[in-house]
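*Asks:* Before I ask anything, let me first share the structure, which is written out below as structure tokens.
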Amino acid sequence: MLKANEGKASMATFSVRSANVLRIQAMPIHKCLILLPLIISCFGAKAQLISGKVVDLVTRQPIPGVMLVSSVDRRNTNENGEFEIKTSGLGDTIKMIALGYKHYILPVKQAMTDGNIVSLQRISIVLNQVNITASRNRRQDSINNRLAFAQVFNHHAPRITDVFVPPPQNVPFAWVSIDLLQVLGYLTRNSNHVTKLQKTLLKDEQANYIQSRYNKNMISHVTNLQGDSLQTFTDKYFPTADWLRKATDYELIQYVRTKAVEFRTARQN
Numbered sequence: 305m306l307k308a309n310e311g312k313a314s315m316a317t318f319s320v321r322s323a324n325v326l327r328i329q330a331m332p333i334h335k336c337l338i339l340l341p342l343i344i345s346c347f348g349a350k351a352q353l354i355s356g357k358v359v360d361l362v363t364r365q366p367i368p369g370v371m372l373v374s375s376v377d378r379r380n381t382n383e384n385g386e387f388e389i390k391t392s393g394l395g396d397t398i399k400m401i402a403l404g405y406k407h408y409i410l411p412v413k414q415a416m417t418d419g420n421i422v423s424l425q426r427i428s429i430v431l432n433q434v435n436i437t438a439s440r441n442r443r444q445d446s447i448n449n450r451l452a453f454a455q456v457f458n459h460h461a462p463r464i465t466d467v468f469v470p471p472p473q474n475v476p477f478a479w480v481s482i483d484l485l486q487v488l489g490y491l492t493r494n495s496n497h498v499t500k501l502q503k504t505l506l507k508d509e510q511a512n513y514i515q516s517r518y519n520k521n522m523i524s525h526v527t528n529l530q531g532d533s534l535q536t537f538t539d540k541y542f543p544t545a546d547w548l549r550k551a552t553d554y555e556l557i558q559y560v561r562t563k564a565v566e567f568r569t570a571r572q573n
């Protein structure tokens, strides 16, 4: 009876041990099944050495000095735009940075090895409109002009008093003499080239002064006239230089407004 019980106990122990052995042997297989996709992906994601060339999208010219960055390496293109860079394999990316170009990200694919051509697009730079207005200093222009032609502006034609030469004080009974060269200069004073140039410069200076005060910009701002009407008004109501020298800015504006009413009334009739 005792031996029979011992036999049953031994068989029960053997059954428990067998179950534990089977359980222990089954666990690694279950875990392997779970880790199998990860193991396969690790083998598929092996490191890759990728090479190629970076060119301009439009000109197709190579771009040197492009910086390439992957998760495991950093390189620059050579003078021919060529590169060679290490990557961690499938799933990695190569970021390309070049001055004047848009950043580009190249994803690493399974079949990528050599001969990859990458085209970069230039950055379009659009500047805001800039209006440049020239403003001349008429007063300074006049001063500079007079300095440049000082001899001409300071020249004066012979006068009638220059013809007579006073007698020496230490000579008694001497008479006033006449300088024939001064007589000739006096008679030809208006045909002298220096005198002609002086008159031309003075005339130009006067015209510039008038233009600085009475011009199309000012007239258009006051009257809103444009095109041919503006040109006709400017020519028709041109004030004299003497009046402009005496008139204030307010008087000039009032003059233009008054003439504008007269001009529009005449055109309607």
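Heads up, the sequence shown is in my numbering, so the first residue is 305 and it goes up one at a time.
Note that beta-carbon positions come from the ideal geometry of N, C-alpha and C, so glycine has one too.
With distance defined between alpha-carbon atoms, name the residue in Asn-382, Gly-395 and Asn-519 nearest to Ser-374.
*Replies:* The sequence position of residue 374 within the sequence shown is 70, counting from 1. Ser-374 has its Cα closest to that of Gly-395, out of Asn-382, Gly-395 and Asn-519.
*Asks:* At what residues does the beta strand (DSSP E) containing Ile-429 begin and finish?
*Replies:* As a working note, residue 429 is residue 125 in the sequence shown. Unbroken run through Ile-429: none, as it is neither H nor E.
*Asks:* What does the alpha-carbon distance come out to for the pair Ala-545 and Asp-508?
*Replies:* Start at 1 with the first residue of the sequence shown, and residue 545 comes out as number 241. Start at 1 with the first residue of the sequence shown, and residue 508 comes out as number 204. C-alpha separation (whole angstroms): 12 Å.
*Asks:* Considering only DSSP beta bridges, list what Thr-397 is partnered with.
*Replies:* Within the sequence shown, the letter at position 93 stands for residue 397. In DSSP, Thr-397 forms a bridge with Pro-411.
*Asks:* If you draw a straight line from the C-alpha of Leu-548 to the C-alpha of Ile-514, how long is it?
*Replies:* Taking the sequence shown and counting its residues from 1, the one referred to as residue 548 is at position 244. Taking the sequence shown and counting its residues from 1, the one referred to as residue 514 is at position 210. Those two C-alpha atoms are separated by around 7 Å.
*Asks:* Where does Ile-389 fall in DSSP's three states?
*Replies:* Taking the first residue of the sequence shown as position 1, residue 389 is located at position 85. Three-state DSSP puts Ile-389 in a strand.
*Asks:* Okay, do the region 379-398 and the region 423-438 touch, 3+ Cβ pairs below 8 Å being the bar?
*Replies:* Contact between the region 379-398 and the region 423-438 is absent, because fewer than three Cβ pairs lie under 8 Å.
*Asks:* Closest to Met-416 by CA distance: which of Thr-397, Leu-403 and Ala-402 is it?
*Replies:* As a first step, residue 416 is located in the sequence shown; it is residue number 112 there, counting from the start. Closest option to Met-416, Cα to Cα, is Thr-397.
*Asks:* With burial defined as no fewer than 16 other Cβ atoms inside 10 Å of the residue's Cβ, what is the status of Phe-537: buried or exposed?
*Replies:* Residue numbering aside, residue 537 sits at position 233 when the sequence shown is read from its first letter. Buried.
*Asks:* How many Å lie between Tyr-408 and Gln-433 at the Cα?
*Replies:* Here residue 408 is taken as the residue at index 104 of the sequence shown, counted from 1. Here residue 433 is taken as the residue at index 129 of the sequence shown, counted from 1. Roughly 30 Å between the two C-alpha positions.
*Asks:* Terminal residues of the continuous alpha helix (DSSP H) containing Ser-533?
*Replies:* Translated into positions along the sequence shown, residue 533 becomes position 229. Counting along the chain, the alpha helix (DSSP H) containing Ser-533 begins and ends at 531-540.
*Asks:* Taking Cβ to Cβ, would you say Thr-391 is nearer than 9 Å to Val-412?
*Replies:* Working through the sequence shown from its first residue, we reach residue 391 at position 87. Working through the sequence shown from its first residue, we reach residue 412 at position 108. Yes; because the gap between Cβ atoms is below 9 Å, this pair is in contact.
*Asks:* Straight-line CA distance for Ser-524 to Ser-428?
*Replies:* Locating residue 524 in the sequence shown gives position 220, counting from the first residue. Locating residue 428 in the sequence shown gives position 124, counting from the first residue. Straight-line Cα distance between these residues: approximately 38 Å.
*Asks:* What does Gln-352 pair with, by DSSP beta-bridge criteria?
*Replies:* Within the sequence shown, the letter at position 48 stands for residue 352. According to DSSP, which records beta bridges pairwise, Gln-352 is partnered with Thr-391.
*Asks:* Using the beta-carbon count (16 or more within 10 Å), is Ala-351 buried or exposed?
*Replies:* In the sequence shown, residue 351 corresponds to position 47, counting from 1. Exposed is the call here.
*Asks:* Starting from the Cα of Lys-406, find the closest Cα among Phe-542, Val-526 and Ile-367 and give me that residue.
*Replies:* Sequence index remark: in the sequence shown, residue 406 carries index 102 (1-based). With distances taken between Cα atoms, Lys-406 lies closest to Ile-367.
*Asks:* Starting from the C-beta of Tyr-541, find all residues in its chain whose C-beta is less than 6 Å away, skip the five residues before and the five after it, and write them out in chain order.
*Replies:* As a position in the sequence shown, residue 541 is number 237, starting the count at 1. Taken in chain order, the residues that qualify are Lys-563.
*Asks:* Within a Cβ cutoff of 8 Å, which residues of the same chain sit near Ser-355, ignoring the five residues on either side of it in sequence?
*Replies:* Against the sequence shown, residue 355 aligns to sequence position 51. Answer for Ser-355: Glu-386, Phe-387, Glu-388, Ile-389, Thr-417, Asp-418, Gly-419 and Asn-420, listed in chain order.
*Asks:* Taking the beta strand (DSSP E) that Arg-379 falls in, what are its first and last residues?
*Replies:* In the sequence shown, the residue the question calls residue 379 occupies position 75. Its beta strand (DSSP E) spans residues 378-380.
*Asks:* Can you tell me where the beta strand (DSSP E) holding Val-362 begins and where it ends?
*Replies:* For the purposes of this step, residue 362 is identified with residue 58 of the sequence shown, where counting begins at 1. No beta strand (DSSP E) holds Val-362; DSSP gives it neither H nor E.
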